[in-house]
Each structure stands twice: as structure tokens, then as C-alpha cells.
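Asks: Counting from 7, one number per residue, gives the positions in the sequence shown under our numbering. Glycine residues also receive a C-beta, built at the ideal position from the N, C-alpha and C atoms. Quick caveat: nothing in here was measured; it's all calculated off a predicted structure.
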Amino acid sequence: MNLTKNKLKTAGYVIKRLRDNGFIVIKMFAFYAKSDPRRWTVLINPGGESVYMTYYANLEQLDESTFELNDGGSRIPKNLHIKTDSLEVIIEYLLSHGVMNTGYYPGKRKFIKTKINTIDEHRQGQEPKETGQEETGQEETVGPASSVPS
Numbered sequence: 007m008n009l010t011k012n013k014l015k016t017a018g019y020v021i022k023r024l025r026d027n028g029f030i031v032i033k034m035f036a037f038y039a040k041s042d043p044r045r046w047t048v049l050i051n052p053g054g055e056s057v058y059m060t061y062y063a064n065l066e067q068l069d070e071s072t073f074e075l076n077d078g079g080s081r082i083p084k085n086l087h088i089k090t091d092s093l094e095v096i097i098e099y100l101l102s103h104g105v106m107n108t109g110y111y112p113g114k115r116k117f118i119k120t121k122i123n124t125i126d127e128h129r130q131g132q133e134p135k136e137t138g139q140e141e142t143g144q145e146e147t148v149g150p151a152s153s154v155p156s
């Protein structure tokens, strides 16, 4: 009998699955004390809904997976605990409580390199600006190469 480990215990797997489902996810912390039941914390959609998700191992029972979702009580009840072995339960809960999964995530980078404000621009259908560009309040129109000012 081949028993595989539950991948929900690893932050990398959860981050990948959340990103694959359209959420922006940043790993915040993974160095809790051995006696602490918390194992890692991620931030979902920074600059938008900003939901912290913390994984607890063996919180009340052995081999129990518990997730705490916290956004300060704006969309999700404060310090909500969900006991599950399925990430789909977490994703469904996030979506049903207004956490958007339409975030712009540039490529397969570990951390977001563009400005956090690009999340709102993406949701409004605008093209995100590159990091380092300053807003001038003027709209640029790019046409044929000969009409682009130098």
C-alpha cells in the first residue's frame, strides 16, 4: 500500500494551486517554533482583499489540517478556521466571499515584480504598467513606428 503525504501541508503546493486558480499569493512566513501548531502563512491578493491564510498542523487532533483565514473581518469572519483536506473547499470559500481570482500574475515569478496597483488596473481591463514608469496623467497613443515620439 502506497500512502502519499497530503500536499496541503506544504506551502509551495498550496501557493501553486491558488495561483493556478487566478489568485495572487505571496509566502509571508514559514519559521514558526516547533511547539507552535502554525506551519506557514501566505497573503492572498495583496493590495486587494488581502486575506492572510495560515496552515495549522495538529491543532486539535493528530494529522488534522486546519486553515485560518483572516482579512480583518471585512469579507470573512475574523480568525475563521476551516478543517479540510481539500484545497477546493478553501478556493470555493474565498470565491463565495468576494475574494477575486482575476489577479494579474506576471509569469511564473516567485514574487510580484510589478506595482500592486496593477491588480486594480487589470480588473478594470487596463494593461498593467511596468515597474519604474511614472504616471504623468497623460495618455500615450502608440501608432506606427514613424509616429512614435523619440
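Nearest CA to the CA of threonine 60: which residue from Thr108, Arg25, Ile32?
Replies: Ranking Thr108, Arg25, Ile32 by Cα distance to threonine 60 puts Ile32 first.
Asks: In this structure, what does DSSP give as the bridge partners for arginine 44?
Replies: Arginine 44 is bridged to Tyr62.
Asks: With DSSP as the reference, please indicate the residues paired to histidine 87 in a beta bridge.
Replies: DSSP output for histidine 87 lists Glu74 as bridge partner(s).
Asks: Helix, strand or coil for leucine 24 per DSSP?
Replies: If DSSP states are grouped into helix, strand and coil, leucine 24 belongs with the helices.
Asks: Give me the Cα-Cα distance between lysine 116 and glutamine 67, rounded to the nearest whole angstrom.
Replies: Annotation note: pLDDT 41 at lysine 116 (below 50); position unreliable, no value reported.
Asks: Report the three-state DSSP secondary structure of leucine 49 (helix, strand or coil).
Replies: Strand at leucine 49.
Asks: Could you check if isoleucine 88 is buried or exposed, using at least 16 other CB atoms within 10 Å of its CB as the buried criterion?
Replies: Classification for isoleucine 88: exposed.
Asks: Skipping 5 residues on each side, what residues in its chain have a beta carbon closer than 8 Å to that of alanine 17?
Replies: Excluding sequence neighbours, alanine 17 sits near Lys33, Ala36, Arg45, Trp46, Val48, Tyr61.
Asks: On the three-state DSSP scale, how would you describe isoleucine 82?
Replies: Note: isoleucine 82 maps to coil in three-state DSSP.
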